[in-house]
Amino acid sequence: MKKIIEKKIKSILNILYLKIDNISKIHKNQNKNLKHFLIVVSAYEFNKLSLYNQHRIIYNILCKYIPQKIYAIQLHTYTTYKWEKTKNPAFLLTPCVYQTKKVD
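Going by the numbering used here, the first residue of the sequence shown is number 17, and it counts up by one from there.
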């Protein structure tokens, strides 16, 4: 599923940075077939968009997989300017309510 997400996003957006992690293991009682993904993306198309519209683009790209294959998406979007300015590949994870393990 991770490769599909990457391919879909890259086919629509001109990407500066993209990181996709499967963080499903942090959920205690989740269906094993459904996945929780952390997506960090910086794209040139985001430069003139609000944060809301940046997220909307990603959700529109992935909507056919929600909720059949994707349980949840934790999304961090950046304009290229903000990404270059912060150079922030390390981002904070917001723990889920039922977190049982720390994510590496």
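In this text, a Cβ means the ideal position worked out from N, Cα and C, and glycines have one as well. Values in this document were obtained by computation on a predicted structure and should not be read as measured data.
Bridge partners - residue i, DSSP secondary structure assignment
| i | result |
| --- | --- |
| Q90 | L54 |
| I36 | I55 |
| I31 | A59 |
Distance, residue j Cα to residue i Cα
| i | j | result |
| --- | --- | --- |
| L32 | K98 | 11 Å |
| K18 | Q90 | 14 Å |
| K64 | T93 | 13 Å |
| K101 | V56 | 16 Å |
| K80 | R72 | 14 Å |
| N69 | D37 | 22 Å |
| Y87 | L67 | 22 Å |
Cut-off 7 Å between Cβ atoms - residues of its own chain near residue i, not counting five sequence neighbours on either side
| i | result |
| --- | --- |
| N30 | A59, Y60, E61 |
| I77 | K24, I25, I28 |
Under 8 Å between C-beta atoms of residue i and residue j
| i | j | result |
| --- | --- | --- |
| K26 | K51 | no |
| I82 | F53 | no |
Contact set for residue i: own chain, Cβ-Cβ below 8 Å, skip 5 residues either direction
| i | result |
| --- | --- |
| V113 | Because V113 sits at a pLDDT of 45, beneath the cut-off of 50, its placement in the model cannot be relied upon, and the point is left open. |
| I74 | I25, I55, V57, I89, L91, T93 |
Own chain residues within Cβ distance below 6 Å of residue i, not counting five before or after
| i | result |
| --- | --- |
| T95 | F62, N63 |
| L34 | V57 |
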